[in-house]
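Peer 1: To start, I am sharing the structure in question, which I have written as structure tokens.
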Amino acid sequence: MGAEMRRIHVGNALSAFGLGFTVPYLYVYVAQVRDLGAMTAGLVLAVFAVAALVVLPFAGRAIVRRGPLPVLLAALVTASVGALSLGLASSSTTVLLSAAALGAGQAVMQPALATMIVDFSSAETRSRAFATQFFLQNLGLGVGGLIGGHLVDASRASSFTLLFSIEAAMFLLLAVIMATVRMPRAPKVEGAPGGARGSWKQLLGNRAMVQLCAVGFVLFFACYGQFESGLSAYGVEAARISTSALGTALAANTAMIVVAQFAVLRFVERRKRSRVIAAVGLIWAFAWVVAGYAGLGHASQTMATAAFVSTYALFGLGEAMLSPTVAPLVADLAPSGMAGQYNSAFALVKQLALAVGPAVGGPMGASLHAPYVVTFLLFSLGITFLAVRLGKQLTPVQNQPSLAKSRVVARGGASADAVQTAA
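Start counting the sequence shown at 11; every next residue gets the next number (my numbering).
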């Protein structure tokens with residue numbers, strides 16, 4: 011790992027730390043500390059998703075035209091301003107505007123950092139680079155949430171002001187670190203459409219990328235979109251899980267990722283990506299079976315709690331398998347110089363799934379217990395089905411980079427014959 015990649019990974023860890031530092035406490039801060047009510051607090055969480063959906067379609071084009079570093083620096087400054095103003099806000103209007111700035115900045119950071127990883131990695135090192143990114147993100151989220159929880163006091167608004175001020179300072183520190191990164195010369199995009207509409211048309215013409223986005227939507231909808239909404243509601247209402255046990259389940263998810271990430275990496279590096287994604291669908295389907303046992307199996311409270319915690323751990327195992335698989339595949343499908351556009355498009359799909367997932371899963375998990383489990387069990391099996399179909403759209407090297415004998419990454423626009431010649 012070179013010095014530039016180390017800085018990028020530090021950036022990923024710090025951005026995740028900032029997210030975990032404040033987001034878990036946003037509802038309490040807005041609704042109780044600022045006494046703006048549950049409605050405003052709910053709107054703040056919705057604003058995060060809406061802001062991401064608004065800016066991500068433009069972020070990809072900006073990354074392609076300007077490069078990921080200037081876009082990242084602009085996002086960091088925006089997020090810093092949003093975090094600081096959120097800590098000082100006392101009215102509904104200022105809180106919502108601040109949340110929009112913070113949400114937009116954090117959303118743009120993801121594809122910008124991912125594109126920088128692509129620029130500083132090769133086909134042989136990309137899976138390991140994205141696995142390291144995911145590992146550090148989860149570590150940052152966990153550490154940030156832990157430290158933030160010890161700093162805040164619901165009876166003192168000043169403790170939250172301190173929290174958001176530290177987050178704002180961290181984003182500025184990250185901007186200083188990232189400003190020292192020397193980006194490689196960006197490749198010229200040959201034959202790319204001149205406008206934003208044209209670049210989206212080109213992306214939508216890539217059948218493999220469209221199918222990968224479909225897989226990604228179901229992945230995020232059926233797993234990530236349920237963690238803090240439907241699945242937690244199901245655990246509390248159906249399995250009678252205590253809030254402390256729910257915290258243990260979330261910790262088990264993070265622990266599984268941290269412990270298994272690099273062991274899993276060795277397993278997936280030399281296997282077809284489509285088969286790895288298909289296997290994740292089966293693992294998550296089994297996780298939903300375990301969740302069904304926890305809430306519907308009439309087991310003892312101890313067994314129900316153990317099953318519920320195991321559900322989150324199984325999800326973590328699947329996440330560890332996806333991190334060195336999906337993000338590198340997005341990069342390998344992108345034509346030369348278009349990684350930023352493709353990363354932003356996939357981030358947009360993720361945000362859509364994370365917006366729809368809680369809206370659908372929350373009410374179902376709270377009241378329709380058996381239909382909830384069956385529905386998301388079927389979605390998990392759908393991941394396996396879509397992954398198998400995706401594999402038919404990929405060239406051999408795109409599906410299994412270890413087949414390549416050179417460092418040339420197969421791009422989405424390359425013909426199968428050219429790829430096989432390179433392999």
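All C-beta atoms, glycine included, are put in the ideal place defined by N, C-alpha and C.
Could you give the distance in angstroms between the alpha-carbon of residue 127 and the alpha-carbon of residue 98?
Peer 2: Taking the sequence shown and counting its residues from 1, the one referred to as residue 127 is at position 117. Taking the sequence shown and counting its residues from 1, the one referred to as residue 98 is at position 88. Their Cα atoms are separated by approximately 35 Å.
Peer 1: Just list the beta strand (DSSP E) runs in the segment 359-424, keeping only unbroken ones of 3 residues or longer that don't cross its boundaries, in chain order.
Peer 2: You should have found no qualifying run.
Peer 1: Which of helix, strand or coil does DSSP assign to residue 51?
Peer 2: Against the sequence shown, residue 51 aligns to sequence position 41. Residue 51: helix per DSSP, three-state reduction.
Peer 1: Can you grab the Cα-Cα spacing for the pair residue 192 / residue 14, in whole Å?
Peer 2: Locating residue 192 in the sequence shown gives position 182, where the first residue counts as 1. Locating residue 14 in the sequence shown gives position 4, where the first residue counts as 1. Their backbone Cα atoms lie some 7 Å apart in a straight line.
Peer 1: Label residue 44 either buried or exposed according to how many other C-beta atoms from any shown protein chain fall within 10 Å of its C-beta, with 16 as the threshold for buried.
Peer 2: Here the question's residue 44 lines up with position 34 in the sequence shown. Residue 44 comes out buried.
Peer 1: Tell me the start and end of each unbroken beta strand (DSSP E) in the segment 130-158 that is at least 3 residues and wholly inside, in chain order.
Peer 2: DSSP runs (the beta strand (DSSP E)) wholly in the segment 130-158: none.
Peer 1: With H, G and I counted as helix, E and B as strand and the rest as coil, what does DSSP make of residue 251?
Peer 2: The sequence position of residue 251 within the sequence shown is 241, counting from 1. The answer is coil: DSSP assigns residue 251 none of H, G, I, E or B.
Peer 1: Taking only three categories from DSSP, how would you classify residue 348?
Peer 2: For the purposes of this step, residue 348 is taken as the residue at position 338 of the sequence shown. Reduced to three states, the DSSP call for residue 348 is coil.
Peer 1: Apply the 10 Å Cβ neighbour rule to residue 71 and answer buried if 16 or more other Cβ atoms are within range, or exposed otherwise.
Peer 2: In the sequence shown, counting from the first residue as 1, residue 71 sits at position 61. Flag for residue 71 reads buried.
Peer 1: Where residue 223 and residue 295 are concerned, what is the direct C-alpha to C-alpha distance, given to the nearest angstrom?
Peer 2: Here residue 223 corresponds to residue number 213 of the sequence shown, with the count starting at 1. Here residue 295 corresponds to residue number 285 of the sequence shown, with the count starting at 1. When rounded, the distance between both Cα atoms is 20 Å.
Peer 1: Under 7 Å, do residue 324 and residue 297 count as touching if we go by C-beta distance?
Peer 2: Within the sequence shown, numbered from 1, the residue matching residue 324 stands at position 314. Within the sequence shown, numbered from 1, the residue matching residue 297 stands at position 287. Against a cut-off of 7 Å, the Cβ pair of residue 297 and residue 324 comes out as a contact.
Peer 1: For residue 28, which of 381, 173 and 364 has the nearest alpha-carbon?
Peer 2: Here residue 28 corresponds to residue number 18 of the sequence shown, with the count starting at 1. Among 381, 173 and 364, the Cα nearest to that of residue 28 belongs to 173.
Peer 1: Got a sec? Which residues, its chain only, sit under 7 Å from residue 96 by beta carbon, not counting five neighbours each side?
Peer 2: By one-based count along the sequence shown, residue 96 stands at place 86. Closer than 7 Å at the Cβ level, and outside the excluded window around residue 96, lie 105, 108, 109, 112 and 174.
Peer 1: CA-CA distance, residue 30 and residue 55?
Peer 2: Locating residue 30 in the sequence shown gives position 20, where the first residue counts as 1. Locating residue 55 in the sequence shown gives position 45, where the first residue counts as 1. Rounded to the nearest angstrom, the two C-alpha atoms are 14 Å apart.
Peer 1: Does the distance from the CB of residue 307 to the CB of residue 379 come in under 7 Å?
Peer 2: Locating residue 307 in the sequence shown gives position 297, where the first residue counts as 1. Locating residue 379 in the sequence shown gives position 369, where the first residue counts as 1. Not in contact: residue 307 and residue 379 (Cβ atoms no closer than 7 Å).
Peer 1: Would residue 397 be called buried (16 or more neighbouring beta carbons within 10 Å of its own) or exposed?
Peer 2: Along the sequence shown, read from residue 1 onward, the residue named residue 397 stands at position 387. Result: buried.
Peer 1: Provide the residue span of the alpha helix (DSSP H) that contains residue 342, from first to last.
Peer 2: Working through the sequence shown from its first residue, we reach residue 342 at position 332. That run of the alpha helix (DSSP H) goes 336-343.
Peer 1: Excluding the 5 residues flanking residue 424 on each side, which residues of the same chain have their C-beta closer than 6 Å to its C-beta?
Peer 2: As a first step, residue 424 is located in the sequence shown; it is residue number 414 there, counting from the start. Below a pLDDT of 50, predicted positions are generally treated as unreliable, and residue 424, at 41, falls in that range; no measurement from the model is reported.
Peer 1: What are the boundary residues of the alpha helix (DSSP H) that includes residue 284?
Peer 2: Sequence index remark: in the sequence shown, residue 284 carries index 274 (1-based). Where residue 284 is concerned, the enclosing alpha helix (DSSP H) stretches over 283-306.
Peer 1: Run the CB neighbour count on residue 283, radius 10 Å, all protein chains shown included, and call it buried at 16 or more, exposed below.
Peer 2: Translated into the one-based positions of the sequence shown, residue 283 becomes position 273. Counting Cβ neighbours within 10 Å, residue 283 comes out buried, since at least 16 surround it.
Peer 1: Hey, out of 316, 60, 360 and 395, whose CA is closest to residue 258's CA?
Peer 2: Taking the sequence shown and counting its residues from 1, one reaches residue 258 at position 248. Of the candidates 316, 60, 360 and 395, the one whose C-alpha sits nearest the C-alpha of residue 258 is 316.
Peer 1: Looking at C-alpha atoms only, which residue of 74, 132 and 78 is the closest neighbour of residue 12?
Peer 2: Taking the sequence shown and counting its residues from 1, one reaches residue 12 at position 2. Here the closest residue by C-alpha is 132.
Peer 1: Which same chain residues, not among the five before or five after residue 322, have their C-beta less than 6 Å away from its C-beta?
Peer 2: By one-based count along the sequence shown, residue 322 stands at place 312. Counting only Cβ-Cβ distances below 6 Å, and skipping sequence neighbours, we find 259, 262 and 263.
Peer 1: Distance check for residue 19 and residue 137, CA to CA, integer angstroms please.
Peer 2: The sequence position of residue 137 within the sequence shown is 127, counting from 1. The sequence position of residue 19 within the sequence shown is 9, counting from 1. So the two alpha carbons sit approximately 14 Å from each other.
Peer 1: What whole-angstrom Cβ distance do residue 125 and residue 17 have, given they're in contact under 8 Å?
Peer 2: Stepping through the sequence shown from its first residue, residue 125 is reached at position 115. Stepping through the sequence shown from its first residue, residue 17 is reached at position 7. Not quite, the Cβ-Cβ distance comes to about 15 Å (not below 8 Å), so this is no contact.
Peer 1: Just tell me which of 375, 157, 236 and 243 has its CA closest to the CA of residue 32.
Peer 2: Within the sequence shown, numbered from 1, the residue matching residue 32 stands at position 22. Nearest option by C-alpha distance: 157.
Peer 1: Should residue 219 be labelled buried (16 or more other beta-carbon atoms within 10 Å of its own) or exposed?
Peer 2: Within the sequence shown, numbered from 1, the residue matching residue 219 stands at position 209. By the neighbour-count rule (16 or more Cβ atoms within 10 Å), residue 219 is buried.
Peer 1: By how many angstroms is the C-alpha of residue 278 removed from the C-alpha of residue 171?
Peer 2: Here residue 171 refers to the residue found at position 161 when the sequence shown is read from its first residue. Here residue 278 refers to the residue found at position 268 when the sequence shown is read from its first residue. Looking at the two C-alpha atoms, the distance is approximately 44 Å.
Peer 1: In terms of residue numbering, what span does the alpha helix (DSSP H) encompassing residue 322 cover?
Peer 2: For this step, residue 322 is matched to residue 312 along the sequence shown. Residue 322 -> alpha helix (DSSP H) spans 311-332.
Peer 1: Between the C-alpha atoms of residue 140 and residue 337, what's the straight-line distance to the nearest angstrom?
Peer 2: Translated into the one-based positions of the sequence shown, residue 140 becomes position 130. Translated into the one-based positions of the sequence shown, residue 337 becomes position 327. Near 7 Å, if we compare the C-alpha coordinates of residue 337 and residue 140.
Peer 1: Going by alpha carbons, who is nearest to residue 463 out of 234, 178 and 117?
Peer 2: Residue 463 lies beyond the range of the chain shown here (11 to 433); nothing can be said about it.
Peer 1: May I have a chain-ordered list of the alpha helix (DSSP H) segments no shorter than 4 residues that lie completely inside the segment 211-281?
Peer 2: The segment 211-281 contains these whole alpha helix (DSSP H) runs: 217-232, 240-247 and 253-278.
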